[in-house]
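What follows is a set of notes on a single structure, which appears directly below.
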Amino acid sequence: MLEDFFVLDFSYDVVDNIPVIFIWSIDRRGNRVTLVEKNFRPYFYAVVDDREDVSRVISEIKKLSKPSSPITNIEIETDRRYFGNPLKSLKIETVVPAYVRIYRDEVSKIKGVKNVLEADIRFYMRYSIDKGIKPFYWIKADVEEIQPKEIFKVKSEKLYLIKDILEIYEAEEPRLKTMAFSIEVYNKYGFPNTRRDPIIVIGVYTENGYKQFISSDYDDINVIREFIKFVNDFEPDIIFGYNSNSFDWRYLVERAELRGIKVAIGRKVNSEPSQGVYGHYSVTGRLNVDLAGVFCSSRSKSLIDLADNLGVMPKNKREILEWYEVPRYWDDKSKREILLKHNLSNIKSIYDIGQSNLHYLIQLVKVTGLPLDQLSMASSGHRIEWLLVRESKKYNEFIPNREERRTEASDEGIIVPPVSGLHNNVYMLDFSTIYPSIILKYNISPDTLVRGDCSDCWTSLNGNYKFRKDIKGLYQNVLLNLSAEIERREEIIKTLDPEKRRRLEEELRALRSILNSFYDYIRWTNARWYVKECAEGLFEWGRELILQILKIVKESGFQVIYADTDLMFFKGENDPKKLEEDIANRLSLNLKFNKFYTKLILLEGKKQYAALTKDNKVDMVGIEDYRNNWCDLAKEVLQNVVDQVLRSDKINEAVRYVKSVIYSLRRGEFKIEDLVTWNIIDKDIEEYKFDLPHIVAARKAMKSGHLVTRGSKIGYVIVKGSGKLSNRAEPYFMVKEKSKVDIEYYIDKQIIPSALKVLGLFGVKENTFKFGGTDVLNFFKK
DNA sequence: TATGACCGGGG
DNA sequence: GTGTACGGTCATA
């Protein structure tokens, strides 16, 4: 019978030595159903040297065949290309996906085999690519209902065997059931350890509001059971979390295991969340989305900051508990209400962030073809790579292997070095939008690159880089498709009332983010399609264009205070609209000044700045990275110094603030928890050869009978005394008197350096804080 | 100067 | 699961 299905996700199992692909779907009536494909087989390619006797290579490959997964077919292929060049290859098919790796290694050792390709594409992705099925698309298929066998047992009502796929099309998606969750853990001895610390609350948030499962004091077995039951009853398609891939799921599964229960929440009977690619957890048949991966892929952000930035939940409207207050608010039953409010703030903001970005995520999935759970953890480079994988299929291009390439140190980038210091009324120009047009104009692509002579090529100024004119490159095709999708939506959006625009705006945001991060892919050295000349050519042309823009900006009376390959800052009193027009007229470039900052602190390094937006929000870039191994107080000092300089403009006030922090420390007015440094014990403790501070602290904790295991995260403070610093590290919870803490260490090594990161730009010196010097005042007299 | 170990955010 | 992120900084040789 013919039916339509909306595709959510794929997975596979090996049943009776045969691979079976599951397509987790929703039918036209909104039922969750599962499609089963039994006729697809794994394969890979061996590239054969032209001078070799192919039949000999084939017979040698045949000899490798093993009964547990025989080599079922070998075909000679001559029309497939590798970086644009035709290659002779053998397509080698087997039965069990895991044997692809085994055969790949053996085949690559055969004489005459130059290379082995496409052996590292996950089986169900291979299926989805070959059949052209993308998640969040609809398929029309000829299917036959089958009864669930033991191994096929799924919780959905119906199971269909695929006989034929007739059509794959885009249409309105069914209503997706979404849910957010977050767990709270009793963390009396620092970062929670699954062997010791119970889960005390699990909060879930859905369209029906919230529910909290609360432990009976210190036993979490029923909390976990109630959560499992809730998920199975609610049957979410999407589960949102925040850092759930690195914390919540692992903690839940491990706690459950300790108590002998399974977190069986997948759509397949008895399936637990399990770790998959890109460090994500997969829940069979459901899309597990870690929003931290979506919004903070390179720079980490707290949920509080993210929700505030996205306008989902302002900081002052939420309940905030510091991590060390959690056990106190649990032990004291009269305070538990506040702990629950804290959890509610978390799950509500996770849910709202997810909901308000659902179409953004759906669009990213539709473009890249990555299932949502994987997409949420994949970097922008990986997203583009999967788009290319699908696109290359259309052109008979091989998917290149992943290769480890060392990033070469380069002086690439800086065009105008940063004029460090404080600036007023600054425009920012994001150059990421100029690169797609350069790639298109010069047809830059791995398959159009010409290394020798070329009579009909786009050639860079210095003649180093040449790209063919006669064919359309892979990249050009991809970018043209993306641009067309963008333009189509831009046309429609004009005709809609504001409230109906939201969905299209989200889709546009997704499409533009892919388009504008394409240049980042080209220079990503570990990319499958990385070609040095493409990266260098692009940035040579880019640099040329940026220099032209720079010239116009300067001629228009603006001062450029920083420019590199990604962005430019400039300031001045003249009319920016006029400048936009000038650039448009003279360079045929439609550039928008993305941001206007009323205040900008520019540091000396590459892409390091803090700025105040028109609506009085602080943007910090490249500065927070400094927080590795810094205590909370040092981070807070940096944040406050930036805030004061930006908002009040008065360096002296920021200096006074830092001094007040130092005085408070010396007077003993501080919390030990604010001075804690955190480190993970990644090895068995005996394996450490050196006395690193966190290892010494861990040994002390163990000696006092505290649980420390591989993977534990140790929080320590430095106490007074003599000798090596590491020997003065103590687990923070073992330091009972504040007077024991070596305050001068924190002042010298954490607070002052943190403050000087920014204040140093204004002539403030270490001595200013140490001896109350007057060099700041002198600086301003100049 | 190169190499390897470690970090984030979650509590 | 045809697997094990990323991009950066710091310590040590």
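The first sequence maps to residues 0 to 781 in numbering that gives the first Met the number 0.
The beta-carbon is built from N, C-alpha and C at its ideal position, and this holds for glycine as well.
Over what stretch of residues does the alpha helix (DSSP H) that includes Q558 continue unbroken? Residue 558 sits at position 559 when you count from the first residue of the first sequence. In the DSSP assignment, Q558 falls outside any alpha helix (DSSP H) and lies within the beta strand (DSSP E) extending over Q558 to A562.
Write down every uninterrupted run of the beta strand (DSSP E) in the stretch 52–116 whose length is 3 residues or greater and which is fully enclosed by it, in chain order. 72–76, 88–92 and 112–116
Among Y745, M567 and K658, which residue has its Cα nearest to the Cα of V418? The residue given as residue 418 occupies position 419 in the first sequence. Comparing Cα-Cα distances from V418 to each of Y745, M567 and K658, the minimum goes to M567.
Out of P41, Q373, I337 and S459, which one is the CA nearest neighbour of G536? The residue you call residue 536 lines up with position 537 of the first sequence. Looking at the Cα atoms, S459 is the closest of the given residues.
Check the C-beta distance from A674 over to V716 and give it rounded, since I have them as a contact under 8 angstroms. The residue given as residue 674 occupies position 675 in the first sequence. The residue given as residue 716 occupies position 717 in the first sequence. The question names Ala, but residue 674 in the sequence shown is Leu. That belief holds up - the Cβ atoms of L674 and V716 are roughly 5 angstroms apart, short of 8 angstroms.
On the three-state DSSP scale, how would you describe S127? On the first sequence, position 128 is the one that residue 127 refers to. S127 falls in the helix class under three-state DSSP.
Using only the alpha-carbon positions, how far apart do I433 and Y426 sit? Position 434 of the first sequence, counted from the first residue, corresponds to residue 433. Position 427 of the first sequence, counted from the first residue, corresponds to residue 426. One C-alpha to the other measures close to 17 angstroms.
Please confirm whether D741 and K719 have their CB atoms less than 7 angstroms apart. For this step, residue 741 is matched to residue 742 along the first sequence. For this step, residue 719 is matched to residue 720 along the first sequence. Contact: yes.
By DSSP, does K210 sit in helix, in strand, or in coil? Position 211 of the first sequence, counted from the first residue, corresponds to residue 210. Strand at K210.
Through-space distance from Q749 to C630, alpha-carbon basis: Here residue 630 corresponds to residue number 631 of the first sequence, with the count starting at 1. Here residue 749 corresponds to residue number 750 of the first sequence, with the count starting at 1. Their Cα atoms are separated by approximately 8 angstroms.
The beta strand (DSSP E) that contains V13, what's its start and end? As a position in the first sequence, residue 13 is number 14, starting the count at 1. Unbroken beta strand (DSSP E) run through V13: L1 to V14.
Local conformation of N461 per DSSP, three classes: As a working note, residue 461 is residue 462 in the first sequence. Reduced to three states, the DSSP call for N461 is coil.
Which runs of the beta strand (DSSP E), 3 residues or longer, sit entirely within the stretch 132–191? 137–145, 157–168 and 177–184
For I402, count neighbouring C-beta atoms within 10 Å of its own C-beta (all shown protein chains included) and say buried if the count is 16 or more, exposed if not. By one-based count along the first sequence, residue 402 stands at place 403. Strictly speaking, residue 402 in this sequence is Glu, with Ile absent from that position. By the neighbour-count rule (16 or more Cβ atoms within 10 Å), E402 is not buried but exposed.
S663 to V657, Cα distance in whole Å? Here residue 663 refers to the residue found at position 664 when the first sequence is read from its first residue. Here residue 657 refers to the residue found at position 658 when the first sequence is read from its first residue. Rounded to whole angstroms, S663 to V657 spans 10 angstroms at the Cα level.
Looking only at its chain, what residues have a beta carbon closer than 8 angstroms to the beta carbon of G541, apart from the 5 residues adjacent to it on each side? The count along the first sequence starts at 1 and reaches residue 541 at position 542. Counting only Cβ-Cβ distances below 8 angstroms, and skipping sequence neighbours, we find F430, I433, Y434, I437, Y518 and T564.
Quick check on DSSP: helix, strand or coil for T33? Numbered from its first residue, the first sequence carries residue 33 at position 34. Note: T33 maps to strand in three-state DSSP.
Please state whether DSSP places P417 in a helix, a strand or coil. As a working note, residue 417 is residue 418 in the first sequence. In this structure, P417 counts as coil in the three-state DSSP scheme.
Taking Cβ positions, are V364 and L374 nearer each other than 7 angstroms? Reading the first sequence from its first residue, position 365 is the one you call residue 364. Reading the first sequence from its first residue, position 375 is the one you call residue 374. Cβ atoms of V364 and L374: closer than 7 angstroms.
Given a cut-off of 7 angstroms, decide if G368 and W23 are closer than it, judged by their beta-carbon atoms. As a position in the first sequence, residue 23 is number 24, starting the count at 1. As a position in the first sequence, residue 368 is number 369, starting the count at 1. Not in contact: W23 and G368 (Cβ atoms no closer than 7 angstroms).
Distance between K314 and I303 (C-alpha atoms, nearest Å): The residue labelled residue 303 in the question sits at position 304 within the first sequence. The residue labelled residue 314 in the question sits at position 315 within the first sequence. Cα-Cα distance, rounded: 6 angstroms.
Between which residues of its own chain and K616 is the CB-CB distance below 8 angstroms, once the five residues before and five after are set aside? Translated into positions along the first sequence, residue 616 becomes position 617. If we look at K616 and ignore the five residues flanking it on each side, its Cβ neighbours are N308.
What does the alpha-carbon distance come out to for the pair T597 and N423? Your numbering for residue 597 matches position 598 in the first sequence. Your numbering for residue 423 matches position 424 in the first sequence. Looking at the two C-alpha atoms, the distance is approximately 5 angstroms.
Alpha carbons only, please: which of L611, R502, G722 and S587 is nearest the one belonging to Q362? Position 363 of the first sequence, counted from the start, is the residue given in the question as residue 362. For the residues L611, R502, G722 and S587, the minimum Cα distance to Q362 belongs to R502.
Rounded C-alpha distance that separates Q661 from K756: The sequence position of residue 661 within the first sequence is 662, counting from 1. The sequence position of residue 756 within the first sequence is 757, counting from 1. Looking at the sequence itself, residue 661 is Ile, so the reference to Gln does not match. The alpha-carbon atoms of I661 and K756 are separated by roughly 16 angstroms.
For I746, I'd like the list of residues in its chain whose CB is within less than 7 angstroms of its CB, leaving aside the five on either flank, ordered along the chain. Stepping through the first sequence from its first residue, residue 746 is reached at position 747. The residues are I661 and L664.
Any idea what DSSP makes of I22, helix, strand or coil? Here residue 22 corresponds to residue number 23 of the first sequence, with the count starting at 1. I22: strand per DSSP, three-state reduction.
Specify the secondary structure class of G772 as computed by DSSP and reduced to three states. What you label residue 772 is simply residue 773 of the first sequence in a count that begins at 1. At G772, the pLDDT of 45 sits below 50, so the modelled position is not reliable and the matter cannot be decided from this model.
Among I470, I25 and I213, which one has its Cα closest to the Cα of R174? Reading the first sequence from its first residue, position 175 is the one you call residue 174. Answer by Cα proximity: I25.
Please determine if the stretch 465–484 and the stretch 384–391 are in contact, where contact requires at least 3 C-beta pairs separated by less than 8 angstroms. yes
Would DSSP call N400 helix, strand or coil? Sequence index remark: in the first sequence, residue 400 carries index 401 (1-based). The answer is coil: DSSP assigns N400 none of H, G, I, E or B.
In three-state DSSP terms, what is I17? In the first sequence, residue 17 corresponds to position 18, counting from 1. Reduced to three states, the DSSP call for I17 is strand.
Shortest alpha-carbon distance to R511 belongs to which of I751, I383, S348 and V695? Your numbering for residue 511 matches position 512 in the first sequence. Residue I383 is the option with its Cα nearest to R511.
Count the other CB atoms within 10 Å of the CB of Q274; is the residue buried (16 or more) or exposed (fewer)? Looking up residue 274 in the first sequence gives position 275. Burial call: exposed.
Measure how close the beta-carbons of R254 and D219 come, nearest whole angstrom, since I'm counting them as under 8 angstroms. Position 255 of the first sequence, counting from 1, holds the residue named residue 254. Position 220 of the first sequence, counting from 1, holds the residue named residue 219. Confirmed, Cβ separation roughly 6 angstroms.
Contact check, V94 vs I17 under 8 angstroms by CB: the rounded distance? As a working mapping, residue 94 is identified with position 95 in the first sequence. As a working mapping, residue 17 is identified with position 18 in the first sequence. Contact holds; Cβ gap of about 7 angstroms.
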